[in-house]
Amino acid sequence: MTFDWPTLLPLIFAGLMGLAILIYVILDGFDLGIGILFAAAEDAEQDTMIAAIGPFWDANETWLVLAVGLLLVAFPLAHGVILTALYIPVFVLLVGLILRGVAFDFRAKVPTELKHRWNRIFFLGSVIASLAQGYMLGVYVLGLDVGLGGMAFGALVAFCLAAAYAAMGAAWVIYKTEGDLQRKAVRWLRTALVLTALGMAAVSLATPFASPRIFDKWFVWPSMLYLSPLPILSALLFLWLWRQTFHLPRPDDRHSLTPFLTLAAIFALGFAGLAWSFYPFVVPDRLTIWQAASAPESLAIILAGTVVVLPVIIFYSFYAYRVFGGKATDLTYD
């Protein structure tokens, strides 16, 4: 393949879209996970957990908007196929995100005796959004199979992705809190890690069998040798993190960010495996990146806008995390 400009542009946008999805899963994953963990937290702990995500969660969801926007404008054919097959779970996802957004604000403004209702709605919205995302991932892995088998696998991945988000949420709570809540978050992380590992193993085993093409990518020599570091490193990171949970939190709070960074690395390795499995298709075994892409002239104009917008999003994200670094404190609303 010759990488001239019309050939390279779709690859650039596929990379940008993949990067946006990965960043979203890592960043919004922890605040979705904290919402899921609301079910195991007490009222005072829920306030601290909200304070741990309050300054960041709107910025985190920006990456989802960017990813969907790039899919729409850069790969309109793929956007139509994917959204048609996943119309109902996308609708459910939006309902969950709306419930989260409403509950996030209302829980701080209603009388104290009604606050628990909005806490439950925040939990419900987080669970719904997480399950919807996992279901869509499972159906996508099986080539947008919406039959009984695809739905069953989608349900399995939905449950496991929710557990993975809960693990990310627990890791973030370990970093942003201290005392009893921090110790409780370590126990949450230990439980969620088991389910996360099982979920990633299920997706990793199912993906090669989704199509003969993907199977050949993973189980033909020498590709098997080149790709072996991905599952091996993931397994080693899981085992290492599991052992670390028995030594956290430390008295001096050292390494409190380590669980979150380790999980982010595991997510990145898993994402790399999926990206390799489906390349060069953006719709599995139906549309390649180049078949689904907009005209080169359109992509060039969109790229010019992306060059302006993307650095702004990155700068704002880094700035927010720097300004609101350190342990969570009580949020105040004017």
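Start counting the sequence shown at 4; every next residue gets the next number (this note's numbering).
Beta carbons are placed, not taken as given, at the ideal position from N, Cα and C, and that holds for glycine.
Query raised in the report: Between which two residues does the beta strand (DSSP E) carrying F321 extend?
Result: From DSSP, F321 is part of no beta strand (DSSP E) but of the alpha helix (DSSP H) over 299-326.
Query raised in the report: Can you check whether the CB of S133 is closer than 9 Å to the CB of A158?
Result: no
Requested in this report: Enumerate in chain order the residues of its own chain whose CB-to-CB distance from A17 is below 6 Å, with the five nearest sequence positions on each side excluded.
Outcome: I292
Query raised in the report: Roughly how many angstroms lie between the CA atoms of G153 and A213, to the nearest whole one?
Result: Each residue's alpha carbon lies about 10 Å from the other.
Report task. Locate the alpha helix (DSSP H) running through V160, then write down its first and last residues. Result -> 151-179
Query raised in the report: What are the start and end residues of the alpha helix (DSSP H) that includes V76?
Result: 60-77
Requested in this report: Keeping to the same chain, check which residues put their C-beta closer than 7 Å to that of M227; ignore five residues upstream and five downstream.
Outcome: W221
Requested in this report: For L145, name the three-state secondary structure that DSSP assigns.
Outcome: The answer is coil: DSSP assigns L145 none of H, G, I, E or B.
Query - Residues of its chain near R110, where Cβ-Cβ distance is below 7 Å and the 5 sequence neighbours each way are ignored - result: K118, W121, N122, F125
**Report entry** DSSP three-state assignment for V285, whether helix, strand or coil
**Finding:** strand
Query - Close Cβ partners of P9 (< 6 Å) along its chain, the five nearest in sequence each way excluded - result: Closer than 6 Å at the Cβ level, and outside the excluded window around P9, lie P299.
Query raised in the report: Would DSSP call T248 helix, strand or coil?
Result: coil
Query raised in the report: Quick one: Cα of D288 to Cα of L147, how far?
Result: Using only the alpha carbons, I get a separation of about 10 Å.
Query raised in the report: Taking Cβ to Cβ, would you say L80 is nearer than 9 Å to L290?
Result: yes
Query raised in the report: Since G329 is in the alpha helix (DSSP H), which residue starts that stretch and which ends it?
Result: Taken as a continuous stretch (DSSP letters only), G329 belongs to no alpha helix (DSSP H), as it is neither H nor E.
Query - Candidates I15, D7, L22, of which the one nearest L272 by Cα - result: L22
Report task. Assuming V176 contacts M52 (C-beta within less than 8 Å), just tell me the rounded distance between them. Result -> 6 Å
Query raised in the report: How should T115 be labelled, buried or exposed, when 16 other C-beta atoms within 10 angstroms of its C-beta is the threshold for buried?
Result: exposed
Query raised in the report: Looking at the structure shown, is L290 part of a helix, part of a strand, or coil, going by DSSP?
Result: strand
Query raised in the report: Under 9 Å, do V285 and A295 count as touching if we go by C-beta distance?
Result: yes
Query raised in the report: Do L102 and N63 have their CB atoms nearer than 9 Å?
Result: No, the pair does not count as a contact, with Cβ atoms beyond the cut-off.
Report task. Could you pull the start and end residues of the alpha helix (DSSP H) that R110 belongs to? Result -> Unbroken run through R110: none, as it is neither H nor E.
Query - Inter-residue spacing [alpha-carbon to alpha-carbon] between W243 and I24 - result: Taking the CA atoms as reference points, W243 sits about 26 Å from I24.
Query - 8 Å contact criterion, which L264 and A169 should meet: CB distance rounded - result: With a Cβ gap of about 17 Å, L264 and A169 do not count as contacting.
**Report entry** Separation of H82 from G328, as counted between CA atoms
**Finding:** 37 Å
Query raised in the report: Quick one: Cα of P92 to Cα of Y138, how far?
Result: 7 Å
Query raised in the report: Using the C-alpha atoms, what's the distance from L35 back to I26?
Result: CA-to-CA, the gap between I26 and L35 works out to about 14 Å.
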